[in-house]
Amino acid sequence: MTTDTLALSVQNLSVTVRRPGGRYPAVRGVDFTLARSSTLGLVGESGSGKSLTALAVAGLLADNLVPAGSARFHGEELIGMPEARRRALSGSRIGFVFQEPMSALHPVLPIGVQLTEGLRAHTSLTRAQRHGRAQELLELVGLTKTRDILGNRIGQLSGGMRQRVMIAMAISCEPDLLIADEPTTALDVTLQKQVIELLGGLQERLGLSLLLITHDLGVVAQTCENVAVMYAGEIVERGRTDQIMREPGHVYTRALLDASPRIGDARRRLPSIATAAPWLRDTRELAGASGPAALREVSPQHWVREQDEREDAA
Amino acid sequence: MIWYLFQRLLALLPTVLVPLVLVFLLIRLAPGDPASIILGDQATQQQIAALRHQMGLDQSPIVQFGRFLSDMATLQLGQSSFLQQPVVDVIPSYAAVTIEISVLALVWALVIGIGIGAIAAFRRRHPEGRVAKALGILGISVPNYFLALVLIIVFAVAVRWFAVGGYVPPAAGLLPHLQSLMLPSLALGLGEVGFVSRITRGSLLDVIGEPFVVTAKSLGLRTSRITTTHIARLAALPLLTVIGLLAASLISGSVVIENIFGIPGIGQLMFNAVSNRDYSLIQGIVLFSGTAIIVVNLVVDILYAVVDPRVQYGAHAR
């Protein structure tokens, strides 16, 4: 696969937490690629580093989080990119959907203002044109009464509408890459399904490359061609979604799969994952000696991390 | 909005009553009989009895309070014993001067305080941010009368840009007029800079950490745009409350400042009224000051609802 066909190519990406007490690696040696107009699910528990990976790619890490390594967007290096260039890409070619629209959207500014901020920054559209475009965007994400919504504030909308508005905002400038960080976690099951279908539909219609961050393998199975499984700041397995769902190679992936509810299996008590995510302070010691373990290609395009005594012991 | 206004006005009624009750009690609790104090040492028993009857002091407290309230409501504030004029006629010209100084002081306090507070918040990891934070703490600790003396020593004695004191009415020219208000308003306003900058810093830090700021960044917005549109809108809310609080502290601060600079405002009038035991005048000034503070706070409440429409819907319906 050459670099021209890749929307995103991440190599040896790490994120370090700087605290007064020292530095802690939160993400280590992460490698993955996302082909143009394709979909990749980044899966793991809370604390696995999947959101930090996404934020590092989007350049949205907080000041005390330091990224290193490489993340190329259509061949252009994102890590350490100058502020002005980053601003030009953010919102226009890279869109970001956050988990909690209620807090990710401004509580007081009308939806119409927030939805057109990206257009205002990145296009030469007039105020009236932006307003018209905002209405189109709301229709695109399946909302009606768009004129009313533009005058509303986020608190006046229902949960599902909020996430649709969030998505409309992220795609307002027709980005090439859409990063969605747990876009359905704050929603109830029915709405989850609708939002996932919306994202899948938009991805196909607009030819987006979609990086979907989630803890839910079921969501990945529905939406993503490829998947990367993260555990304790590292990728432990990646490959084609159908293949990994069929033959999970890593013990942690198997545990995740077992912990996913299946239809027709309602009576079964879901197992909890025995290999609990380690504390951040422990990962420093884990990483210390050897660094991230290498991934081995067990079958074409299916990579699994070498099993070591860490998992066996857990 | 109309309903919200109505609610706010209704809530103000008891607030107006509090200073009125205080004034009523103040005069009656002062040692000695008001009538004999007003008339002085030379008064005869008959004169005192006549005045007591005229003032209604021979009636029950409830009746006295009712009469007092109706007098206040109809602005029958009586005669100033020391200026020999009706109180209603005395207050406006003095009030105008104090209002002018207070507004100027408010501008100083907000402009300088918000500036320092913003530097302290946005540059908090840089030396200038730390200096700004320290200035804010210093500002809270320095009283305005001390500042007044420092300003006089520096700007009136050392460099002679302004007069040491005194007041030039606007009729004598706008520039000399403003010049005469410069140091008093600065002293009054700088005294509040510490408070304003602390509140600004705190509310900015609260808002800067909000997730919607990250969202704005993810849209590729300029920092200036994020600051002015997304952050300022919310960070302004606590500052509005501050304006309401400042109204009270500027009016009380004016007593000291106007006496230091010899400015004929409400503060100086109050000082003279108290020194001369001019009860009617004291009563009138307290009524004016209380009303002024309440009006400012009503305006703040209205502005609050304009800046953050969520306020109108009450705390429960977000």
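Top to bottom, those sequences are chains P and D.
All residue numbers for the first sequence refer to the working numbering, where the first residue is 28 and numbers rise by one.
All residue numbers for the second sequence refer to the working numbering, where the first residue is 73 and numbers rise by one.
Glycine is no exception: its CB is placed at the ideal position from the N, C-alpha and C atoms.
Listed along chain D, the residues sitting closer than 8 Å to P:V135 by beta-carbon distance are R305, L306, V379, D380, P381 and R382. The shortest CA-to-CA distance from P:R50 to any of P:V93, P:R63, P:T32 and P:L177 is the one to P:V93. Within the stretch 52-89 of chain P, the runs of beta strand (DSSP E) that reach at least 3 residues and sit entirely inside it are, in chain order, 66-70.
When 7 Å is used as the limit between beta carbons, D:L293 is near these residues of chain P: E144 and A148, in chain order. Cβ-Cβ distances below 6 Å link P:S199 to G145, L146 and L164 in the same chain, with the five nearest sequence neighbours on each side left out; the list follows chain order. Contacts between P:L116 and chain D, judged by CB atoms closer than 8 Å, involve G292 in chain order.
Cβ-Cβ distances below 8 Å link P:L88 to V42, L79, L82 and P94 in the same chain, with the five nearest sequence neighbours on each side left out; the list follows chain order.
Around the beta carbon of P:M257, 16 or more other beta carbons lie within 10 angstroms, which makes this residue buried.
For P:P327, there is no enclosing beta strand (DSSP E), as DSSP gives it neither H nor E.
Neighbours of P:R63 across chain D, judged by C-beta separation under 7 Å, do not exist; the nearest C-beta is about 21 Å away. Contacts with chain P at 8 Å (Cβ-Cβ) do not include D:F194. Following the DSSP letters along the chain, one finds P:R160 inside the alpha helix (DSSP H) bounded by residues R154 to L167.
For D:A190, not one C-beta of chain P is nearer than 8 Å to its own C-beta. Apart from sequence neighbours up to five positions away, the residues of its chain that approach P:L322 with a beta-carbon distance below 6 Å are W330 and R332, ordered along the chain.
For a cut-off of 8 Å, the C-beta gap from D:A320 to D:I365 is around 5 Å, short enough to register as a contact.
Take the alpha-carbon of D:V328 and the one of D:G187: they are about 26 Å apart. Between P:A34 and P:L204, the C-beta spacing is below 8 Å. Contact between the stretch 227-242 of chain D and the stretch 252-259 of chain D is present: three or more C-beta pairs spanning the two stretches fall below 8 Å.
Close to chain P, meaning a Cβ-Cβ distance shorter than 8 Å, are the following residues of the stretch 280-291 of chain D: E282, P283, F284, V286, T287, A288, K289, S290 and L291.
Taking the Cβ atoms as the reference, P:F100 lies roughly 20 Å from D:T287, outside the contact range of under 8 Å. Close partners of D:H302 in chain P (Cβ separation under 9 Å): H133, L136, Q141 and E144. Taking the CA atoms as reference points, P:L152 sits about 15 Å from P:G118.
Chain order gives the chain D residues near P:R180 as P381 and R382, where near means a beta carbon separation below 9 Å. Chain-order list of chain D residues neighbouring P:S130: E282, P283 and F284, by C-beta distance under 8 Å.
For a cut-off of 8 Å, the C-beta gap from P:V254 to P:H277 is around 12 Å, too long to register as a contact. Residue-level contact check: P:E127 touches chain D, since one or more beta carbons of chain D fall below 8 Å from its beta carbon. For P:L87, the C-beta contacts it makes with chain D under 7 Å involve V286, K289 and S290, in order along the chain.
In this model, P:R114 and D:A259 are separated by some 44 Å (Cα to Cα). Residue environment for D:V135: exposed (fewer than 16 other C-beta atoms within 10 angstroms of its C-beta).
Taking the CA atoms as reference points, P:R63 sits about 8 Å from P:G234.
In terms of beta-carbon proximity, P:S119 lines the interface with chain D, with at least one pair separated by less than 8 Å. In the three-state reduction of the DSSP assignment, D:D373 falls in the helix class, which pools H, G and I. When D:V265, D:I280 and D:D113 are compared, the shortest CA-CA separation from D:L317 is found for D:V265. For P:F100, none of the residues of chain D pass the 9 Å Cβ criterion, the least Cβ distance being about 13 Å. For D:A115, the three-state secondary structure derived from DSSP is coil.
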